[in-house]
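Numbering (our numbering), first residue to last: 1 to 78. Backbone N, C-alpha and C define an ideal beta-carbon position, used for all residues, glycine too. All values reported here derive from a predicted model rather than from experimental measurement. Okay, structure first, notes after.
Following this line, the structure appears as structure tokens:
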């Protein structure tokens, strides 16, 4: 491959990842109390969403299982 093409691809990939041009990783450490509190709230919200998702998945499988059981009982009961 051409060196210019490789350079262009690397540059576009850096832009997509939003990595600084010098190659250093982004600093994700909180810089203020507000960021710490916001991050904690976001983590709590994420856990709540995961719990709700688990309950919805369980309810979905319960309904599907009930439908399949009903169909099976109707077929066997004839």
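In three-state DSSP terms, what is residue i?
i          : result
residue 14 : helix
residue 28 : coil
residue 2  : coil
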